[in-house]
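See structure below.
2 protein chains.
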Amino acid sequence: MQTSSLLESLMEALRCLPGVGPKSAQRMAFHLLQRDRNGGLNLATTLHQAMTAIGHCEDCRTFTEQARCAICANPRRQHSHQLCVVETPADIVAIEQTGQYSGRYFVLLGHLSPLDGIGPKDIGLDLLEKRLANEQIDEVILATNPTIEGEATANYIAEICDEYQTVATRIAHGVPIGGELEMVDGTTLSHSFIGRQKIEI
Amino acid sequence: MQTSSLLESLMEALRCLPGVGPKSAQRMAFHLLQRDRNGGLNLATTLHQAMTAIGHCEDCRTFTEQARCAICANPRRQHSHQLCVVETPADIVAIEQTGQYSGRYFVLLGHLSPLDGIGPKDIGLDLLEKRLANEQIDEVILATNPTIEGEATANYIAEICDEYQTVATRIAHGVPIGGELEMVDGTTLSHSFIGRQKIEI
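Protein chains in written order, with full-length UniProt numbering: chain A, 1 to 201; chain B, 1 to 201.
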């Protein structure tokens, strides 16, 4: 942008957002300047607050500006004595939206990946062990991603749970609802056969 | 997001950006928190500066934090005595990228639209008249959009130019380069016949 260096800086800065290239950045900058300066100022303030104030929950490691997140601090969440292990805070959002689960969470913020130098401590498994030792947790639900790394991480955590005599379960793999069977890949279909369940009448 | 109200505010604030819905806002917020806090802080600072400091060039009305934009202030831009009229600052970027034009610009920041109450003063035509009266402008190139409103605006400005004995030209409408003739709509094809030019050998 040859007319203003500050506008150029703004377009450059907007590109830190995922999925925003030069064209989108230009469109966003012009939109804010032309139509929504208050929105832009509000975004600037909130962004600054969020980037400086949001840290990790000391219990479950998800993002929060409090010491403990709203889920961990909620006494109702502790009745079930269940702990669901996920890879990212976004997974919590997805699971919460189902309304199926009312226990607490533990966020790994990644998965085991020895080749990248990511070991058990980097994904907070020392903290998880402490919780298994000190709290009453009856079941650990392993909801890591259905990838090779996610499966390996789930198995590793299941072994830790075994040491503490805690039941570890893995979320079911199978045919997604609403799809067509012939479109489902072979590995998923195999899993759906292995994981078949008796129909109770 | 049930774990943090500040995170929820951030997602809400990000939605002021065009083309950003709830899912993208969530993805952006998590990306910045997890991988690029410095980028987020830099964006917050630049955004605040841009929203407060960027105004309009007193000559051409494009966005700039100076009194006059870099193009208007550039003495080389004044040799051609040409003035290109565009609807938005983004149009300047597109024209500059062609490298075809070395004159100055005038930005309407809209187009005439009597039904919406947008009259000549709202698109700065009083300022344009002052420039026509006081500066030496040999040609006004009308590069408004090829829409009904854009054409009407171009015609209106051409009449003003006529009063000041200034030549007004309209950018050519026709078949876009690289397309296929059979795919081009009828109106454009008609324009390309009306605007045909003699091949000079």
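Quick reminder that beta carbons are idealized off the backbone N, C-alpha and C, glycines included.
Here the structure is a predicted model, which means the values were calculated and not measured.
Among the CB atoms of chain A, one or more fall inside 8 Å of the CB of residue 30 of chain B. Less than 8 Å divides the Cβ of residue 175 of chain B from the Cβ of residue 192 of chain B. Annotation: the stretch 42-127 of chain A contains the following complete segments of the beta strand (DSSP E) (minimum length 3 residues), in chain order: 82-86, 104-107. Among the residues of chain B, those whose CB is under 8 Å from the CB of residue 26 of chain A are 90, 93, following chain order. Only residues of its own chain outside the window of five on either side were considered, and among them 112, 120, 125 have a CB closer than 8 Å to the CB of residue 156 of chain A, listed in chain order. Annotated three-state conformation of residue 15 of chain B is coil, per DSSP. Close to chain A, meaning a Cβ-Cβ distance shorter than 9 Å, are the following residues of the UniProt zinc finger region "C4-type" (57-72) of chain B: 57, 60, 62, 63, 64, 65, 66, 69, 70, 71, 72. In the DSSP assignment, residue 27 of chain B falls within the unbroken alpha helix (DSSP H) covering 22-35. Annotation for residue 184 of chain A: 175 place their beta carbon closer than 7 Å to its own, counting only its chain and skipping 5 residues before and after.
Here the stretch 37-44 of chain B lies against the stretch 48-65 of chain A, with 3 or more beta-carbon pairs under 8 Å apart.
Annotation for residue 152 of chain B: no beta strand (DSSP E) segment contains it, though the alpha helix (DSSP H) segment containing it runs 148-163. Nearest C-alpha to residue 75 of chain B among B/104, B/22, B/40, B/99: B/104. In this structure residue 33 of chain B touches residue 54 of chain A by the C-beta definition: roughly 6 Å separates them, less than 8 Å. The Cβ atoms of residue 84 of chain B and residue 143 of chain B sit closer than 8 Å to each other. Secondary structure of residue 170 of chain A (DSSP, three-state): strand. From the listed residues A/118, A/169, A/178, the smallest Cα separation to residue 149 of chain A is found for A/118. Per DSSP, residue 194 of chain B is not a residue of any beta strand (DSSP E); the alpha helix (DSSP H) it occupies stretches across 186-194. If you ignore the 5 residues before and after residue 68 of chain A, its C-beta comes within less than 7 Å of the C-beta of 57, 58, 59, all in its own chain and listed in chain order. Residues 125, 128, 129, 132 of the same chain have their beta carbon placed closer than 8 Å to that of residue 160 of chain A, with the five preceding and five following residues left out of the count. Within the stretch 172-188 of chain B, not one residue has a Cβ closer than 7 Å to any Cβ of chain A. In the structure shown, residue 129 of chain B adopts helical secondary structure according to DSSP, grouped into three states. With a 10 Å radius around the Cβ and a threshold of 16 neighbouring Cβ atoms, residue 180 of chain B comes out exposed. Between the alpha carbons of residue 16 of chain A and residue 18 of chain B lies a gap of roughly 16 Å. For residue 143 of chain A, no chain B residue has a C-beta closer than 8 Å to its own C-beta; the minimum C-beta separation is roughly 16 Å. Beta bridge pairing from DSSP links residue 141 of chain A with A/84, A/169. Nearest to residue 70 of chain B by C-alpha distance, out of A/14, A/8, A/167, is A/8.
The three-state secondary structure of residue 182 of chain A, taken from DSSP, is helix. At a cut-off of 8 Å between beta-carbon atoms, residue 111 of chain A makes no contact with chain B. In this structure residue 171 of chain B is exposed. Its beta-carbon is surrounded by fewer than 16 other beta-carbon atoms within 10 angstroms. Distance between residue 77 of chain B and residue 151 of chain B, taken at the CA atoms: about 26 Å. In this structure, DSSP gives residue 4 of chain A a state outside helix and strand, which the three-state scheme calls coil. From the beta-carbon of residue 16 of chain A, the residues of chain B found nearer than 8 Å are 32, 36, 39, 40, 42, 43. For the 8 Å CB-CB criterion, residue 65 of chain A and residue 6 of chain B form a contact. Residue burial annotation: residue 87 of chain B is buried, with at least 16 other C-beta atoms found within 10 angstroms of its C-beta.
Taking the Cα positions, residue 20 of chain B is about 20 Å away from residue 37 of chain B.
Neighbours of residue 54 of chain A in chain B, taken as residues whose beta carbon is under 7 Å from its own, are 4, 6, 7, 33 in chain order.
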